[in-house]
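The structure appears below as structure tokens.
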Amino acid sequence: MLQEFGRVLFHPSTLLLWLGLSLLLALGGPFGTYAASLSQRLAFWPLVVGAGLAGGAALRVVLRHHLGWLGFWQRALVKAGVLTGILAVLVFRMAEGLGPEGIERDALKGVAEVALGVFGLSLGLSALHITLARSREAATAGADCPLLRRLPAERRGAVIRLSSSDHYVQVVTERGTTPILIRFADAIAELGGVEGLRVHRSHWVALDAVTGARRAGGRLFLTLSDGTELPVSRRHRAEVEALGLAPGASEAEPPASR
Numbered sequence: 349m350l351q352e353f354g355r356v357l358f359h360p361s362t363l364l365l366w367l368g369l370s371l372l373l374a375l376g377g378p379f380g381t382y383a384a385s386l387s388q389r390l391a392f393w394p395l396v397v398g399a400g401l402a403g404g405a406a407l408r409v410v411l412r413h414h415l416g417w418l419g420f421w422q423r424a425l426v427k428a429g430v431l432t433g434i435l436a437v438l439v440f441r442m443a444e445g446l447g448p449e450g451i452e453r454d455a456l457k458g459v460a461e462v463a464l465g466v467f468g469l470s471l472g473l474s475a476l477h478i479t480l481a482r483s484r485e486a487a488t489a490g491a492d493c494p495l496l497r498r499l500p501a502e503r504r505g506a507v508i509r510l511s512s513s514d515h516y517v518q519v520v521t522e523r524g525t526t527p528i529l530i531r532f533a534d535a536i537a538e539l540g541g542v543e544g545l546r547v548h549r550s551h552w553v554a555l556d557a558v559t560g561a562r563r564a565g566g567r568l569f570l571t572l573s574d575g576t577e578l579p580v581s582r583r584h585r586a587e588v589e590a591l592g593l594a595p596g597a598s599e600a601e602p603p604a605s606r
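When you line the sequence shown up against this note's numbering, it's residues 349 to 606, in that order.
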């Protein structure tokens, strides 16, 4: 988990987000911090944003490993709630100490404002994360995925999964499903730069599309962003677990169909 935490925290997009958000908050001076000097705000907000991003990255990894059976947005809500509980009072008290004489404000109101800000920002960053992930997938697919060129233009998008049925392969993207007459192995080869793995003799999934996992009767199932639940065969289970896709999968009931 430590390596995964490092990859998330020190990803270029995370570092850019830290820099941009720190500058924005330092210049804007929210939660009463505008009363402090610019130099104080430039010292204060990078520390707060860095702590928040580090905490968010740690929670993201922990939740994925131990509550992987929850959907993406369910985990995002849990993460936002935990971060709010940890940071709201801390940020308010730290902000109070800025300035020559401190910032005197109503404590309850101040904590509530910070809590609302932290909760909203956490959910906003989760939305940004999934949007960027899907955009990267779509861009990569469009440039390096010969399989997408077989699809009608209106069905081309980020690939979610491939499923084999008879002589056809069902190509599922964020824009719908298209059956193609092609061998399953050839379809996987034509995915090009799309990151994913084969989880069953009849199923391949994109890594970014996996939103949860569960175990039932000794079997492992992955839940995808389109609401589909696919079985993982014994042959491919070790690879799925090695990638951290289902370490915390529980003995839960299948999710309700959408």
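Note that beta-carbon positions come from the ideal geometry of N, C-alpha and C, so glycine has one too.
So which of ALA537, THR381, SER512 has the shortest CA-CA distance to LEU496?
By one-based count along the sequence shown, residue 496 stands at place 148. For LEU496, the nearest C-alpha among the options comes from ALA537.
Express the C-alpha separation of ASP574 and ARG585 in angstroms, rounding to a whole number.
For the purposes of this step, residue 585 is identified with residue 237 of the sequence shown, where counting begins at 1. For the purposes of this step, residue 574 is identified with residue 226 of the sequence shown, where counting begins at 1. Whole-angstrom Cα-Cα distance: 21 Å.
Exposure of GLU601, with buried meaning 16 or more beta-carbon neighbours within 10 Å
Numbered from its first residue, the sequence shown carries residue 601 at position 253. Since pLDDT at GLU601 reaches only 49, below the 50 mark, its modelled position is unreliable, and the value read off the structure follows with that caveat. When all chains shown are included, GLU601 counts as exposed.
Sort GLN518, GLY544, THR526 by Cα distance to SER550 and report the nearest one.
Start at 1 with the first residue of the sequence shown, and residue 550 comes out as number 202. When each option's Cα is compared against that of SER550, the closest is GLN518.
Excluding the five sequence neighbours on either side, which residues of its own chain have a C-beta within less than 7 Å of the C-beta of ALA428, listed in chain order?
Counting from one through the sequence shown, the residue named residue 428 turns up at place 80. PHE467, SER470, LEU471.
Of all the options LEU476, LEU375, ILE508, ILE528, which has the alpha carbon lying nearest to the alpha carbon of PRO500?
Here residue 500 refers to the residue found at position 152 when the sequence shown is read from its first residue. It is ILE528.
Report buried or exposed for THR479, applying the criterion of at least 16 other Cβ atoms within 10 angstroms of its Cβ.
Sequence index remark: in the sequence shown, residue 479 carries index 131 (1-based). Looking at its Cβ environment, which holds fewer than 16 other Cβ atoms inside 10 Å, THR479 is exposed.
Selection from ALA460, GLY433, TRP421 that minimises the alpha carbon distance to SER474:
If you number the sequence shown from 1, residue 474 lands on position 126. Measuring from the Cα of SER474, the nearest candidate turns out to be TRP421.
Length of the line joining the Cα atoms of LEU476 and THR362
The residue given as residue 476 occupies position 128 in the sequence shown. The residue given as residue 362 occupies position 14 in the sequence shown. Going by the C-alpha atoms only, they are around 11 Å apart.
Contact set for ALA405: own chain, Cβ-Cβ below 8 Å, skip 5 residues either direction
As a first step, residue 405 is located in the sequence shown; it is residue number 57 there, counting from the start. Contacts found: PHE353, VAL356, LEU357, THR362.
Using 8 Å as the cut-off, can you tell me whether the segment 396–405 makes contact with the segment 424–443, which would need three or more C-beta pairs spanning the two stretches below that distance?
yes
Just curious, the alpha helix (DSSP H) that LEU570 is in, first and last residue?
Counted from its first residue, the sequence shown places residue 570 at position 222. Note, LEU570: premise wrong, no alpha helix (DSSP H); beta strand (DSSP E) at 567–572.
In angstroms with no decimal places, state the Cα-to-Cα distance between LEU411 and ARG423.
Within the sequence shown, the letter at position 63 stands for residue 411. Within the sequence shown, the letter at position 75 stands for residue 423. Spanning the two alpha carbons is a distance of roughly 7 Å.
Proximity of PHE379 and VAL462 at Cβ, strictly below 9 Å
One-based indexing of the sequence shown puts residue 379 at position 31. One-based indexing of the sequence shown puts residue 462 at position 114. Cβ atoms of PHE379 and VAL462: closer than 9 Å.
If you follow the alpha helix (DSSP H) that SER370 is part of, which residue opens it and which one closes it?
Position 22 of the sequence shown, counting from 1, holds the residue named residue 370. Start and end: 360–376.
Short of 6 Å in beta carbon distance, which residues of its chain neighbour PHE532, apart from the five on each side in sequence? Order them along the chain.
Here residue 532 refers to the residue found at position 184 of the sequence shown. Within the same chain, PHE532 has close Cβ partners SER512, VAL517.
May I have the straight-line CA-CA distance separating GLY450 from SER370, to the nearest angstrom?
On the sequence shown, position 102 is the one that residue 450 refers to. On the sequence shown, position 22 is the one that residue 370 refers to. For GLY450, the predicted structure reports a pLDDT of 46, less than 50, and the residue's modelled location is therefore unreliable. A value from the coordinates is still provided. Straight-line Cα distance between these residues: approximately 21 Å.
Contact under 9 Å by Cβ, VAL439 with VAL396
For this step, residue 439 is matched to residue 91 along the sequence shown. For this step, residue 396 is matched to residue 48 along the sequence shown. In this structure, VAL396 lies closer than 9 Å to VAL439 by Cβ.
Closest by CA to ALA391, which one among LEU372, ALA535, ARG408, ASP514?
Residue mapping note: residue 391 aligns to position 43 of the sequence shown, counting from 1. Out of LEU372, ALA535, ARG408, ASP514, LEU372 has the C-alpha closest to the C-alpha of ALA391.
Is the Cβ-Cβ distance between LEU568 and ALA557 less than 9 Å?
By one-based count along the sequence shown, residue 568 stands at place 220. By one-based count along the sequence shown, residue 557 stands at place 209. Taking 9 Å as the Cβ cut-off, LEU568 and ALA557 do not qualify as a contacting pair.
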